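Colleague:
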Amino acid sequence: MGKTIVSWSPVHGQAATTSNVAALAAHFALIYNHQSLITHTQLTYSSLESLFKKEMTESRGFDSGIEALERLAHSSLLKPDAVRDYTETVYKNRLDLLGGTQNQSLETPHLLEILLKVAESAYDIVWIDAHSGTRSSTSKRLLKKADLVMVNLPQNRFVLDQFFSGEGFPEELKDKEFIVLISQYDQNVKPGIQKIKSKYGKNHPVFAINYSSKFKDSANKFEFTELFYRVVHSSKGSDMQDLINSLETVNKYILKKLDLEELEEEDE
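Under this note's numbering, think of the first position of the sequence shown as 13, with each following residue one higher.
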């Protein structure tokens, strides 16, 4: 069975939750020989599809994505071998994208369980961009079911204090291991990563995801997929190297944490 990684934030629109999980999944797929699936459970607009230069959910119809799998599940026809038929390829044999849904069907616990089980049977890793905040019952169930939760937080002392003091801290994360990602980290801005780790990282690992203007620009131009392929396979010293280094640190931790070392295989 594969492993599920859920990317989530207690705050909306501040923590780069979608771009973080997209960058980590893309980097992981290009470095390690694992088959990964990435999807989202946003009930409102999500930029995940556009980051990977894919059509948006509304215009794609009903022939792919979560909604297609839902129909198969309702008909008892959903099997692991069928999942890939309803995804779009990002990196061949490495990373597929499953389009999300904006209907309320995933709020049904039984359906969510079926979709997760089938996806985990078809892929080594399932990356999920979960709806931020604590009001979504789908997000709460995902936090509880995940093999690893990535909590995305901005480099903002007020938000950090709030979260670690218990405000916006969901019950589902209590007594559960998770990692903290400090999004769009700028080493010239306080608090610095070492200060954040010493104050908040006593019980859970804290990682910085370094800010990169080139990465942000590529996302705005829908050139994310091509840029990552070029940069990850290029020599050291690119102007995205700080970001790539931070992604590598997190993904090495994930690889070890999920006991996937034996499948590690770098591209030639």
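Backbone N, C-alpha and C define an ideal beta-carbon position, used for all residues, glycine too.
Note that the structure is a prediction, hence the values are computed from the model and not measured.
In three-state DSSP terms, what is glutamine 196?
Modeller: To locate residue 196, count along the sequence shown from 1; it is residue 184. Correct three-state label for glutamine 196: strand.
Colleague: Output needed for glutamate 70: all residues of its chain with C-beta closer than 7 Å, excluding positions within five of it in sequence on either side, in chain order.
Modeller: Position 58 of the sequence shown, counted from the first residue, corresponds to residue 70. Note that glutamate 70 scores a pLDDT of 46, beneath 50, so its modelled location is shaky and nothing firm can be said.
Colleague: How many Å lie between serine 31 and histidine 39 at the Cα?
Modeller: One-based indexing of the sequence shown puts residue 31 at position 19. One-based indexing of the sequence shown puts residue 39 at position 27. Spanning the two alpha carbons is a distance of roughly 12 Å.
Colleague: Going straight from the alpha carbon of aspartate 97 to that of isoleucine 256, what length do you get?
Modeller: Counted from its first residue, the sequence shown places residue 97 at position 85. Counted from its first residue, the sequence shown places residue 256 at position 244. If you take the alpha carbons of aspartate 97 and isoleucine 256, they lie about 31 Å apart.
Colleague: Should tryptophan 20 and serine 144 be called a contact, given that it needs their Cβ atoms to be closer than 8 Å?
Modeller: Here residue 20 is taken as the residue at index 8 of the sequence shown, counted from 1. Here residue 144 is taken as the residue at index 132 of the sequence shown, counted from 1. Yes. Within cutoff.
Colleague: Could you give the first and the last residue of the continuous alpha helix (DSSP H) run that contains valine 33?
Modeller: Sequence index remark: in the sequence shown, residue 33 carries index 21 (1-based). Residues 29 to 43.
Colleague: Check whether the Cβ of serine 195 lies closer than 8 Å to any Cβ atom in chain B.
Modeller: Judged by its chain identifiers, the structure shown contains no chain B, having just a single protein chain.
Colleague: Can you tell me which of the three DSSP states proline 166 falls into?
Modeller: Indexing the sequence shown from 1 puts residue 166 at position 154. In this structure, proline 166 counts as strand in the three-state DSSP scheme.
Colleague: Let me know the secondary structure DSSP gives tyrosine 103 once reduced to three states.
Modeller: Here residue 103 corresponds to residue number 91 of the sequence shown, with the count starting at 1. Correct three-state label for tyrosine 103: strand.
Colleague: For threonine 281, tell me which candidate among Gly77, Pro22 and Asn105 has the shortest Cα-Cα distance.
Modeller: No answer is possible for residue 281: the residues shown for the chain start at 13 and end at 280.
Colleague: Would you say aspartate 136 and histidine 46 are within 8 Å of each other, going by their C-beta atoms?
Modeller: Here residue 136 refers to the residue found at position 124 when the sequence shown is read from its first residue. Here residue 46 refers to the residue found at position 34 when the sequence shown is read from its first residue. In this structure, histidine 46 lies closer than 8 Å to aspartate 136 by Cβ.
Colleague: Considering just the uninterrupted stretch of the beta strand (DSSP E) at leucine 155, what are its terminal residues?
Modeller: Stepping through the sequence shown from its first residue, residue 155 is reached at position 143. Element bounds for leucine 155: not the beta strand (DSSP E) but the alpha helix (DSSP H), 149 to 157.
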